[in-house]
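First comes the structure, then the notes that go with it.
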Amino acid sequence: MTAPLTIADLKWLARRRVPKMFFEYADSGSWTEGTYRANEDDFAAIKLRQRVMVDMTNRSLTSTMIGHDVAMPVALAPTGFTGMQHADGEMLAAKAAEEFGVPFTLSTMSICSIEDVASVTTKPFWFQLYVMRDRDFVQNLIDRAKRAGCSALVVTADLQILGQRHKDIHNGLSAPPKFTPKHVWQMATRPQWCLGMLGTKRRTFGNIVGHAKNVSDLSSLGSWTAEQFDPRLSWKDIEWIKQQWGGKLIIKGVLDEEDARAAADTGADAVIVSNHGGRQLDGAPSSISMLPKIVDAVRDRIEVHVDGGIRSGQDVLKAVALGARGTYIGRPFLYGLGAMGKEGVDLALSILRKELDVTMALCGKRDIQTVDRSILAHNPY
Ligand code: GLV
1 MTAPLTIADL
11 KWLARRRVPK
21 MFFEYADSGS
31 WTEGTYRANE
41 DDFAAIKLRQ
51 RVMVDMTNRS
61 LTSTMIGHDV
71 AMPVALAPTG
81 FTGMQHADGE
91 MLAAKAAEEF
101 GVPFTLSTMS
111 ICSIEDVASV
121 TTKPFWFQLY
131 VMRDRDFVQN
141 LIDRAKRAGC
151 SALVVTADLQ
161 ILGQRHKDIH
171 NGLSAPPKFT
181 PKHVWQMATR
191 PQWCLGMLGT
201 KRRTFGNIVG
211 HAKNVSDLSS
221 LGSWTAEQFD
231 PRLSWKDIEW
241 IKQQWGGKLI
251 IKGVLDEEDA
261 RAAADTGADA
271 VIVSNHGGRQ
281 LDGAPSSISM
291 LPKIVDAVRD
301 RIEVHVDGGI
311 RSGQDVLKAV
321 ALGARGTYIG
331 RPFLYGLGAM
341 GKEGVDLALS
351 ILRKELDVTM
361 ALCGKRDIQT
371 VDRSILAHNP
381 Y
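Numbering follows full-length UniProt numbering, in which position 329 of the sequence shown is assigned residue number 329; successive positions increment by one, without gaps.
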């Protein structure tokens, strides 16, 4: 294959370089995966308006997300097990994002810890928080993020109970991986990945191990979430989190106008329209199909961001046209990471930038900040 030209090329390579259990952890949705597919399909159904004979020089993709300058309106989404796609994955992805000029969001369920990522970056990154039953542990995570200089806290609202992903169960997903013949085979057929893993000590959940009490089976996401995540989480808890954190706050995982209004009432800085990449409520609508309604409902009170299904710069442009101030990519950067390490994340970001830049020009626009619904050939929603 020639050098990867698309996110799909990076996915193709990642499938060949990452052990099946971790590749499929990224490339999966819950139950029938209908919402996972809808996220991508609904982007494809949106058509752009071709414009000609307009000055296309001096284009700009720069913007802001929650007041932070971004080289393009794309942040790296928080993703679990990232350090299992490639050794030290979160540290590499954070460096790539920093060099590119877009935010990196570290997941609570990361392999590299908050402190690991802080040790290799020079600019603040964002931290994603899962709210656990053990509030002392939550408080401790918030304090660690503050000490590391994180500049935004992203609270996930849509994963207090885990949607079932059949592939993870079939694969016996865990971190560190088990040493059954099936798992050893999956790893042995990925020698480059194994070499990387032998060269790092980071092979389990770095934010949790040594910090949380009473964790019986940390290696399994299913039992860990069932035991530790707080299913009573409510809007009232956001008040407490806001007080503990005292900085920029983003609420991730809202897919409904009423919930978006409640998120705006909390005084948070942004809401992320998201169905968790189709990994939670299978049967929920795609994120992009819900974006316009949520933008109309709360745009004056809170920034609206979106994730789910973005696989190209064209998709970023469509999301911005439908009112998103920012977008997030999860799988696209994970595929880059699994395929080629940091270089693959650099490549994923530059692929998206190039696609976004040229597509914006072909729609007759020179500045991403002036992109609106007028660039769509027809309004699908
Ligand atoms: C965790 O955030 C997951 O979706 O697996």
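Just so it is clear, CB atoms sit at the ideal spot from N, CA and C, and this is done for glycine as well. Since this is a predicted model, take the numbers as computed values, not measurements.
Which of helix, strand or coil DSSP assigns to residue i
i      : result
His211 : coil
Thr327 : strand
Ala75  : strand
Met132 : strand
Thr225 : helix
His68  : strand
Thr82  : helix
Gly110 : Reading off the sequence shown, one finds Ser at residue 110, where the question assumed Gly. If DSSP states are grouped into helix, strand and coil, Ser110 belongs with coil.
Val117 : helix
Check: residue i C-beta below 6 Å from any heavy atom of ligand 1
i      : result
Gly80  : yes
Arg279 : yes
Residue i versus residue j - alpha carbon distance
i      : j      : result
Arg147 : Val138 : 14 Å
Ala71  : Arg49  : 24 Å
Leu255 : Leu221 : 24 Å
Pro4   : Ala157 : 35 Å
Lys318 : Phe179 : 44 Å
Arg366 : Gly308 : 26 Å
Ala97  : Pro103 : 6 Å
Ile46  : His211 : 46 Å
Gly199 : Phe205 : 17 Å
Asp143 : Val131 : 14 Å
Ile111 : Ser174 : 12 Å
Leu356 : Ser312 : 8 Å
Selection from the options that minimises the alpha carbon distance to residue i
i           : options                           : result
Leu249      : Ile238, Leu255, Asp256 and Glu258 : Ile238
Ala77       : Ala377, Pro332, Leu376 and Phe100 : Pro332
Ala75       : Asp346, Met360 and Ala361         : Asp346
Thr266      : Ser374, Gly338, Ile272 and Lys236 : Lys236
Ser268      : Leu13, Asp300 and Asp134          : According to the sequence displayed, residue 268 carries Ala and not Ser. Among Leu13, Asp300 and Asp134, the Cα nearest to that of Ala268 belongs to Asp300.
residue 405 : Ile351, Pro292, Val316 and Gly341 : As shown, the chain starts at 1 and ends at 381. That puts residue 405 outside it, with no answer to give.
Leu349      : Ala324, Cys363 and Val316         : Val316
Ala339      : Cys363, His86, Phe229 and Glu258  : His86
Glu227      : Leu162, Trp240, His305 and Leu129 : Leu162
Gln160      : Lys252, Ala324 and Met197         : Lys252
Arg51       : Arg133, Ser287, Gly89 and Ala361  : Ala361
N-terminal and C-terminal residue of the beta strand (DSSP E) that residue i is part of
i      : result
Val304 : Glu303 to Asp307
Lys252 : Leu249 to Val254
Residue interval of the alpha helix (DSSP H) (run including residue i)
i      : result
Met65  : From DSSP, Met65 is part of no alpha helix (DSSP H) but of the beta strand (DSSP E) over Ser63 to Met65.
Trp31  : Here Trp31 belongs to no alpha helix (DSSP H), and DSSP marks it neither H nor E.
Lys95  : Gly89 to Phe100
Asp136 : Arg135 to Arg147
Val345 : Lys342 to Leu362
Ala297 : Ser287 to Val298
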